[in-house]
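Numbering (the working numbering), first residue to last: 14 to 132.
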């Protein structure tokens with residue numbers, strides 16, 4: 014509440030403003046591939062789901078960057094990634110997602126989720 018008066022001593026009407034401060038971090042709920050398996054060089058669909066609407070998410074599958082087609086400002090992001098080259102010992106790659114923040118500017122923690130199995 015703010016109160017005051019002018020140069021003539023006349024009181025101003027009280028003004029009340031309410032603000033909500035959010036410090037809760039957004040979280041990555043899941044990353045799902047479609048299909049869930051493939052070989053190096055295959056392109057697959059990716060859907061990432063967050064706890065709230067987020068901006069600026071970046072993701073990788075192994076060494077390959079996910080290219081987001083939609084999602085900025087929403088809780089569901091949809092994109093595509095190419096399965097990276099692998100060694101004979103590799104059986105799967107997981108996603109790493111980082112850089113995302115909510116509408117309050119709270120930055121989410123880097124997370125790993127989901128897997129692509131190599132065939």
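Note that the Cβ used here is the ideal one computed from N, Cα and C, for glycine as well. Computed from a predicted structure; not experimentally measured.
Query, Result
"Run the CB neighbour count on residue 122, radius 10 Å, all protein chains shown included, and call it buried at 16 or more, exposed below.", "exposed"
"For my contact list, residue 33 and residue 63 are in at a C-beta cut-off of 8 Å; report their separation, rounded to the angstrom.", "About 20 Å; that fails the 8 Å criterion."
"Please work out which residues of its chain come closer than 8 Å, Cβ to Cβ, to residue 93, disregarding the five sequence neighbours upstream and downstream, and give them in chain order.", "56, 57, 58, 59, 79, 80 and 82"
"Look up residue 42 in the DSSP assignment and say whether it is helix, strand or coil.", "strand"
"On the DSSP letters alone, give me the boundaries of the beta strand (DSSP E) that residue 103 sits inside.", "Careful: residue 103 lies outside any beta strand (DSSP E) and carries neither H nor E."
"Quick check on DSSP: helix, strand or coil for residue 64?", "strand"
"Following the continuous beta strand (DSSP E) through residue 128, name the residue where it begins and the one where it ends.", "124-131"
"Use the C-beta contact count for residue 108: other C-beta atoms within 10 angstroms, 16 or more gives buried, fewer gives exposed.", "buried"
"Per DSSP, what are the beta-bridge partners of residue 93 in this structure?", "58 and 80"
"Can you tell me whether residue 69 is helix, strand or coil according to DSSP?", "coil"
"Distance, Cα to Cα, residue 100 vs residue 86?", "37 Å"
"CA-CA distance, residue 16 and residue 23?", "11 Å"
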